[in-house]
Every structure is written in structure tokens, then in C-alpha cells.
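Working notes, beginning with the structure itself.
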């Protein structure tokens, strides 16, 4: 399949390894086509035509930033979107109307995408994942009892710093920033803490690196993916004493090793970049088999209305650190959609 991948590049290596022809378009230096400013879908299509590339699928992968390509809802190819951080990007909900396929990483937020006017779309829960080619169990000595790797005091997660401090008073903890893989590869237990009970990347990365995961008992389908006590350990949200007790017990009786092995095998089999890439391609093939008269194109009016709402939300959100020029650009694009 010929695929254009927009924005996040996290599935590109897996898609290519599975034999697909992929062009990566985004704002990073590693993109095949670099975007320095937002462009229209027509401009994107011209750039692809100049390369002699006619995609079967255009895949937008969320990077927690405003979209760099406008008018995706008008593209003739099958379109798919993968929303990672919908809990802090409410504009993902109306933007999803412009896609034939839309994946939502956090299960608790799935009902927000259940607009009856958009019932013809394919929308499904697909949680985050590990990269099995990079998130590996090195098989060596695990000389770090418990580790945490991440931002110790993120602005949108004020509970993290006191939680880590409280845990450290009760149990051993190595807390670092930077590359998590060398640390997780030496850890018996990886401690995870989230902002809003989301299933974040550290869940899948820590397990894939061969450590026993200790994470919050939260919603978003965690218990449907893994069995607490068998694949991972769970603690009550914000309860550093509960987390420390669980860690000390697992370290004391050695049960962490079996939990780590079970979690590692399950996450690498079911929740990897390869598993997500295969599912997206499977869904795209089903849409292609339906022919050119797809729901998105038959219902252009409601799609335009919802897409206009997404860009109006982006333009009006004063908490987003957008330059005035880009904010005005999004507002003008929203108005154009409503006029057409």
C-alpha cells in the first residue's frame, strides 16, 4: 500500500517493515517532506504528484500540536487519524469527522466521538504501544530496584512531584530525565504516574523493556488490556504509600520477575507499533474495498461543519501558544469552510 504519514512518525518504521511504501510529511528534520508552515491538502497533493506518488492512504498521527495540513477531509485517498492526547486536545473530536478511519488511544474518551450524525465512520479504541525494535529487554543484570524516567514537575501534572517525593521517602527510587531505555533495561520495577489517568506511553515502554510495571489503577481500559498482579502492578491514584508498599512487597518476594516477563510478552505481542500498523492497514483495505463513494465524501456538508468547528476552536483557544498569524489563518480557514 502507498501511504502518506502526516506529523507523528512513530508508525513509519513498522509500516515500512511490513512492506508498505511510505512518505513521511511533517515538521521534523527526519520527515521526507518538510513543512515549515500549514499547507492546504491541494498543495500537499501537488508535492506528492511531483514525486510521482499517488497514495492509497493518508495517515495523520497526533503529535499534540495543531494540524499542519488543512482540508484533509477533501482528499481522494482513504484518510485515517490516530488521536493520542485527546484529553488535552478537544479539537480532535470535531476534526475526526474528516477521516474515514479514526483511532482513539484513551478508551474513556471514546463516547465523545460517538456523534450520531457521523455514524458512518470507523472509530475505534486502539491504545498506545511500544516500539519493539527499540524498547527491548537487554537480558542483563537488573540492579535498579525501582525507577522513574520523565519530567519530574510537568506544568500540567502538579501531582507528580509530591507523589515521587512521597514514594522516595518509603521505598528506593531512581528518578531521572532523558532516555528511558538504558534505565528501564536495568530496572526490576518501573514506576508510572499520569496526568489524568491516561494510559501513557511509559506503560507500554516499561513493560516492553522487561521491567515489572507499577502504575495507577485507572480507567481507560487498563484492566481489559492487562491483568493486575499477573502482567503489572497497580496502586490507587496519588497514593504514594500504596505504591511503595506494592513495590516493596514485589521486591521482597521476587514476584516482580514473573510479572515483568508476562507483561513484556503480552505488550510486545498485542500492543506494538507493528500491531497498530497492521490494524490501520486492515481498516484502510476495508474502506478501499467499498469503492470511491465513501461516507466522508457523501456527507461533505456535516464534515465541513465539524472541521470548521475544529479550526474555530484552535483559533479561539487562548491557552494554546500559537502565533497570531497562525491563529488568524485557522480562523479564516474555518470561515471558508462554512462559506463553501
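Residue numbers (the working numbering): 36 to 375.
No residue lacks a Cβ here, since even glycine has one placed at the ideal position from N, Cα and C.
Fair warning: this is a prediction, and the values are worked out from it, not measured in the lab.
Residue nearest to residue 170 within the set 127, 264, 91, 236 is 236 (criterion: CA-CA distance).
Contact between the region 151 to 159 and the region 325 to 336 is established, with three or more Cβ pairs separated by less than 8 Å. DSSP places residue 95 inside the beta strand (DSSP E), whose first and last residues are 92 to 96. Annotation for residue 183: no alpha helix (DSSP H) segment contains it, though the beta strand (DSSP E) segment containing it runs 179 to 184. The beta strand (DSSP E) runs lying completely inside the region 182 to 253 and spanning 3 residues or more are 209 to 211, 222 to 226, 247 to 251, given in chain order. In the three-state reduction of the DSSP assignment, residue 120 falls in the coil class, being assigned neither a helical nor a strand state.
Residue 337 sits exposed, since fewer than 16 C-beta atoms from the chains shown fall within 10 Å of its C-beta. Residue environment: residue 244 is assigned as buried (16 or more neighbouring CB atoms within 10 Å of its CB, all protein chains considered). By the criterion of a C-beta distance shorter than 6 Å, residue 188 is surrounded in its chain by 196, once the five residues flanking it on both sides are discounted. If the five residues before and after residue 135 are omitted, its C-beta is found closer than 6 Å to the C-beta atoms of 113, 114, 322, 329, 331, all from its own chain and listed in chain order.
Taking C-beta separations shorter than 7 Å and ignoring five residues to either side along the sequence, the partners of residue 257 in its chain run 234, following chain order. Nearest Cα to residue 106 within the set 74, 127, 124, 146: 74. In the structure shown, the three-state DSSP call for residue 45 is coil. According to the DSSP assignment, residue 134 belongs to no alpha helix (DSSP H), since it is labelled neither H nor E. Closest in alpha carbon position to residue 176, among 144, 219, 84, is 219.
Just measuring C-alpha positions, the residue of 50, 123, 132 sitting nearest residue 140 is 123. Across the structure, residue 367 and residue 39 are spaced so that their CA atoms are roughly 26 Å apart.
Exposure of residue 56 is indicated by the presence of fewer than 16 other C-beta atoms within 10 angstroms of its C-beta. Counting along the chain, the unbroken beta strand (DSSP E) around residue 268 starts and ends at 268 to 270.
Counting of Cβ neighbours within 10 angstroms places residue 109 among the buried residues, the total reaching 16 or more.
Across the structure, residue 103 and residue 343 are spaced so that their CA atoms are roughly 15 Å apart. Distance from the CA atom of residue 270 to the CA atom of residue 370, rounded to whole angstroms, is 48 Å.
Just measuring C-alpha positions, the residue of 41, 130, 119, 84 sitting nearest residue 365 is 130.
Taking residue 133 as the centre and dropping the five residues before and after it, the same chain places the C-beta of 107, 108, 338, 342 closer than 6 Å to its C-beta, in chain order. For residue 126, the three-state secondary structure derived from DSSP is coil.
Residue 288 sits in a helix when the DSSP states are folded into three classes. Distance from the CA atom of residue 348 to the CA atom of residue 288, rounded to whole angstroms, is 52 Å.
41 is the residue among 54, 41, 97 whose C-alpha sits nearest the C-alpha of residue 80. Inclusion of residue 142 and residue 255 in the CB contact set at 8 Å is warranted, their separation being smaller than that value.
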